[in-house]
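Under our numbering, read the sequence shown as residues 2 to 409, first letter to last.
Here is the structure we will look at, set down as structure tokens.
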Amino acid sequence: MQKKLVIVCLINFLVAAIMGLMLRYVFVIPLHEFVKPLPFEFRSLMHAHSHGAMLGWVYLMLYVLIVHHFIPDKKPVYNRLFWLTEVAVIGMMVSFPFQGYAAISISFSTLHIVCSYLFIRVIWKNHKITAKPIRLLLKASLVFMFISTIGIWCLGPAAAMLGIESAFFQTAIQFFLHFQFNGWFMFAVLAIFLQQFHIKNTTVFQRFFITLIASTVLTFALPVSWFAFHPMLLWINGLGAFLQLLTGYYFILLLRPHWEDFWLKTPTLIKWMYALALISFILKIALQTSSIVPTISRMAYQYHNFVIGFIHLMMLGVITGFLFAFLLSSSLISLKSKYLTFGIYSFTIGFITTEVLLLIQGLFYYFDLGMLPNYYLLLFISSILLPLGILFFILNIFNHEPKTIKTT
Numbered sequence: 002m003q004k005k006l007v008i009v010c011l012i013n014f015l016v017a018a019i020m021g022l023m024l025r026y027v028f029v030i031p032l033h034e035f036v037k038p039l040p041f042e043f044r045s046l047m048h049a050h051s052h053g054a055m056l057g058w059v060y061l062m063l064y065v066l067i068v069h070h071f072i073p074d075k076k077p078v079y080n081r082l083f084w085l086t087e088v089a090v091i092g093m094m095v096s097f098p099f100q101g102y103a104a105i106s107i108s109f110s111t112l113h114i115v116c117s118y119l120f121i122r123v124i125w126k127n128h129k130i131t132a133k134p135i136r137l138l139l140k141a142s143l144v145f146m147f148i149s150t151i152g153i154w155c156l157g158p159a160a161a162m163l164g165i166e167s168a169f170f171q172t173a174i175q176f177f178l179h180f181q182f183n184g185w186f187m188f189a190v191l192a193i194f195l196q197q198f199h200i201k202n203t204t205v206f207q208r209f210f211i212t213l214i215a216s217t218v219l220t221f222a223l224p225v226s227w228f229a230f231h232p233m234l235l236w237i238n239g240l241g242a243f244l245q246l247l248t249g250y251y252f253i254l255l256l257r258p259h260w261e262d263f264w265l266k267t268p269t270l271i272k273w274m275y276a277l278a279l280i281s282f283i284l285k286i287a288l289q290t291s292s293i294v295p296t297i298s299r300m301a302y303q304y305h306n307f308v309i310g311f312i313h314l315m316m317l318g319v320i321t322g323f324l325f326a327f328l329l330s331s332s333l334i335s336l337k338s339k340y341l342t343f344g345i346y347s348f349t350i351g352f353i354t355t356e357v358l359l360l361i362q363g364l365f366y367y368f369d370l371g372m373l374p375n376y377y378l379l380l381f382i383s384s385i386l387l388p389l390g391i392l393f394f395i396l397n398i399f400n401h402e403p404k405t406i407k408t409t
């Protein structure tokens with residue numbers, strides 16, 4: 002795994018986290034007072050933040066990990082494609098704050114999609130995975146990545162024909178987000194995670210895989226119901242939520258024969274990250290299951306805190322928790338560093354406190370209790386811990402000389 006590529010991914014994450022911090026500072030001191038010379042609009046900065054986190058951090062980190070673990074013949078095309086994708090990410094992070102969705106930002110977004118199609122092609126063609134379960138998970142992740150981009154291609158026609166407030170436009174955005182997070186990101190993370198256990202193509206895995214795919218597809222009915230309600234959509238989402246519970250059960254059965262030995266050999270900091278990822282994964286399943294209750298599904302849409310909290314649970318808890326654990330398991334990291342320990346705990350505490358604050362304020366809104374005292378200030382202070390943790394993670398990699406590691 003190339004050190005410089007990992008550092009680039011983490012710097013993207015740091016920049017996205019700083020943008021997120023600015024978004025929260027807006028509610029403490031208005032943005033025009035904070036950065037008068039910069040013509041930022043809140044929504045435009047939010048687009049830069051989300052694209053930087055999703056495509057600059059998660060996408061590119063998964064790119065590096067997939068090539069490292071599953072591509073034994075690392076031809077120059079992978080490096081070139083990485084840097085071309087990074088150009089697209091930088092273009093989006095620079096252009097979105099100043100113009101939102103416009104010619105330049107859309108051009109860089111299109112470039113990223115084209116790069117993702119090239120990535121799908123070269124990985125599908127050149128991967129060398131002997132274990133069928135891992136091969137199926139990886140291919141499913143690539144399929145979901147491709148499927149998710151259909152939502153992006155629909156945005157232009159939707160905006161031109163019906164406007165950006167239309168159900169079609171909003172559903173297209175949710176389509177992209179749903180199949181990115183629950184499809185491409187989740188399946189790729191599981192492929193990397195499970196490959197270390199040498200999972201075999203047993204009946205338990207087959208059931209896990211089938212229920213995971215089915216639940217991923219069916220639970221898209223919930224965001225659709227927010228913009229084009231029909232009672233049948235709630236039943237479809239309910240079936241998806243039930244299958245997701247089965248997925249969690251089969252996941253436990255898959256890990257149970259290997260877990261005790263794995264956990265005993267795992268260093269404390271890596272345990273911390275895996276615990277964060279797995280607990281967040283369980284919470285994600287629980288929350289999606291609770292959406293079968295109509296009151297909860299309506300509440301999730303009506304109160305923005307719950308939506309943001311769930312997205313961050315997936316992004317920072319599940320996905321980033323796993324990605325950090327993978328990095329900590331590599332030779333790029335010095336686990337003995339006090340700076341790394343501080344960084345990991347800082348990030349984790351920042352994540353937990355911001356999630357709790359978002360949840361409490363959402364409940365305050367729901368029960369008509371008004372604002373939590375000093376809510377925005379507390380949220381901003383807690384959010385400082387996130388980029389601080391990422392920064393110390395980067396410094397650890399900068400200062401540590403990695404040993405040669407063999408490709409799995």
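Just so it is clear, CB atoms sit at the ideal spot from N, CA and C, and this is done for glycine as well.
Predicted, not measured: the structure shown is a model, and the values here were computed from it.
Which value, in whole angstroms, describes the spacing of the CA atoms of residue i and residue j?
i      : j      : result
Ile395 : Met2   : 15 Å
Asn238 : Ala287 : 13 Å
Leu387 : Phe352 : 7 Å
Tyr275 : Val78  : 32 Å
His199 : Pro268 : 20 Å
Phe399 : Ser281 : 29 Å
Phe120 : Asn80  : 11 Å
Ile165 : Ala159 : 7 Å
Phe180 : Pro224 : 12 Å
Leu139 : Gln289 : 24 Å
Lys337 : Ile19  : 27 Å
Ala103 : Leu156 : 13 Å
Ile1   : Pro374 : Since the first residue of the chain shown is 2 and the last is 409, residue 1 is not available in this structure.
Tyr292 : Gly184 : The sequence given here places Ser at residue 292; Tyr does not occur at that position. C-alpha separation (whole angstroms): 19 Å.
Phe109 : Pro98  : 14 Å
Ile107 : Val95  : 12 Å
Kindly indicate which three-state DSSP category residue i falls into: helix, strand or coil?
i      : result
Ser298 : helix
Leu336 : coil
His1   : Look at the range of the chain in this structure, 2 to 409, and you will see that residue 1 is not part of it.
Lys76  : coil
Met316 : helix
Glu42  : coil
His50  : helix
Ala103 : coil
Ser291 : helix
Lys133 : helix
Asn202 : coil
Gly164 : coil
Glu402 : coil
Met372 : coil
Lys268 : Just to set this straight, residue 268 is Pro in the shown sequence, not Lys. Coil.
Tyr304 : coil
If you drop the 5 nearest sequence neighbours on each side, which residues of the same chain put their C-beta closer than 8 Å to that of residue i?
i      : result
Lys272 : Trp264
Thr355 : His313, Leu380, Ser383, Ser384 and Leu387
Leu24  : Phe43, Leu46, Met47 and His50
Met162 : Phe169
Leu333 : Met2, Lys4, Val7, Ile398, His401 and Pro403
Nearest CA to the CA of residue i: which residue from the options?
i      : options                           : result
Tyr377 : Phe393, Tyr366, Leu359 and Tyr367 : Leu359
Phe186 : Val144, Tyr340, Lys4 and Lys129   : Val144
Ile130 : Tyr304, Gly152, Ala89 and Asp74   : Asp74
Val123 : Met93, Lys201 and Phe71           : Phe71
Val308 : Ala326, Trp227 and Leu328         : Trp227
Phe41  : Phe177, Gln100, Ile391 and Gly157 : Gln100
Ser298 : Leu328, Pro232, Met315 and Leu255 : Pro232
Gly318 : Lys339, Leu279 and Ile105         : Leu279
Lys285 : Lys266, Pro295 and Met315         : Met315
Met55  : Leu328, Thr349, Ile361 and Phe177 : Phe177
Leu328 : Leu112, Leu270 and Pro374         : Leu270
Asp369 : Leu82, Met300 and Asn202          : Met300
Ile350 : Ser291, Leu277, Asn202 and Tyr302 : Leu277
Gly310 : Gly363, Val9 and Lys201           : Gly363
Cys10  : Ser335, Phe325 and Leu389         : Phe325
Report all residues from its chain with a CB closer than 6 Å to the CB of residue i; omit the five preceding and five following residues, and keep chain order.
i      : result
Tyr366 : Tyr304
Gln196 : Ile135
Gly241 : Ser216, Leu219 and Thr220
Thr150 : Ile114
Phe393 : Tyr340, Phe343 and Gly344
Gln175 : Pro224
Asn127 : Ile72
Between residue i and the rest of its own chain, which residues show a CB-CB distance below 7 Å, the 5 nearest in sequence each way excluded?
i      : result
Asn13  : Gly53, Gly57, Trp58, Leu61 and Val90
Ala222 : Leu234, Ile237, Asn238 and Gly241
Ser167 : Ala159
Phe194 : Phe323
Val27  : Phe43
Gly371 : Phe365
Query raised in the report: Between the stretch 197-208 and the stretch 164-171, are three or more C-beta pairs nearer than 8 Å?
Result: The stretch 197-208 vs the stretch 164-171: no contact.
Query raised in the report: Is it true that the stretch 209-227 meets the stretch 243-261, where meeting means three or more beta-carbon pairs spaced less than 8 Å apart?
Result: yes
Requested in this report: Determine, using beta-carbon pairs with one atom in the stretch 50-67 and one in the stretch 178-197, whether at least three such pairs fall under 8 Å.
Outcome: Result yes; three or more Cβ-Cβ pairs closer than 8 Å.
Query raised in the report: Is there contact between the stretch 111-118 and the stretch 84-98, where contact requires at least three CB pairs shorter than 8 Å?
Result: Inter-segment contact for the stretch 111-118 and the stretch 84-98 is present: three or more beta-carbon pairs are separated by less than 8 Å.
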